[in-house]
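What follows is a short report on a single structure.
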Amino acid sequence: MNSYHINLVDADATVALGKRLAELLTAPCVVYLVGDLGAGKTTFSRGLIQGFGYQGNVKSPTYTLVEPYELANVSIYHFDLYRLADPQELEFIGIEEYFNQSSICLVEWPDKGQGWLASADIQINIEHNNEQRSATIDAMSALGETIVATLNAD
61 MNSYHINLVD
71 ADATVALGKR
81 LAELLTAPCV
91 VYLVGDLGAG
101 KTTFSRGLIQ
111 GFGYQGNVKS
121 PTYTLVEPYE
131 LANVSIYHFD
141 LYRLADPQEL
151 EFIGIEEYFN
161 QSSICLVEWP
171 DKGQGWLASA
181 DIQINIEHNN
191 EQRSATIDAM
201 SALGETIVAT
211 LNAD
């Protein structure tokens, strides 16, 4: 499994990482976001979604489970499963319909949806590192391998 590691000095660096990944992602793609509360998962997602040209406010889908972003060339679905009581609840929102050939899915707290989610292409672990953060991007598929190799080559 290939990995890419980066230190993120502030929220702007986290947004910049998201924007950089937006340059490398193509649909279909599934990104798992792992980290403690406040680690920067939604901040990263904001950068990625803006990197695809979205101009509006990117908010956390903590209460809605999913926020859709329908863009010209791709549909991005941002999931936050933190408040999910039972993974089977995902069946009621039609989870399988989101994971399609023209979508990029960002999933915060993927462990809460185990058994109901498509497999990840990359998993991003964001950790607190004193006042800063660090991110490790792990390749989980052939597409993920290509993304991580490109990041490591930069």
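In our numbering, each number is its position in the sequence shown, counted from 1, plus 60. We treat Cβ as the ideally placed atom computed from N, Cα and C, and that holds for glycine. On a predicted model such as this, the values are computed, not experimentally measured, just so you know.
With contacts defined as CB atoms closer than 8 Å, Ala-180 and Met-200 qualify as a contacting pair.
Each residue's CA atom was taken as its position, placing Val-91 and Cys-165 some 6 Å apart.
Apart from sequence neighbours up to five positions away, the residues of its chain that approach Gly-95 with a beta-carbon distance below 7 Å are Lys-101, Asn-185, Ile-186 and Glu-187, ordered along the chain. For the 8 Å CB-CB criterion, Ile-155 and Trp-169 do not form a contact. In the three-state reduction of the DSSP assignment, Ala-76 falls in the helix class, which pools H, G and I.
Contact between Tyr-64 and Leu-211 holds, since their C-beta atoms are separated by about 4 Å, short of 8 Å.
Residue state for Gln-115 is assigned as coil, using DSSP reduced to three classes.
Within the same chain, Cβ atoms closer than 7 Å to the Cβ of Thr-103 are found at Ala-71, Thr-74 and Val-75, the five residues on either side in sequence being excluded.
Asn-190 and Pro-88 do not touch by the CB rule: their CB atoms are close to 37 Å apart, not below 8 Å. CA-CA distance, Asp-146 to Leu-97, rounds to 19 Å.
Ranking Asn-67, Tyr-123 and Glu-149 by CA distance to the CA of Lys-172 puts Glu-149 first. For Asn-212, the uninterrupted alpha helix (DSSP H) run begins and ends at 202 to 213, by DSSP.
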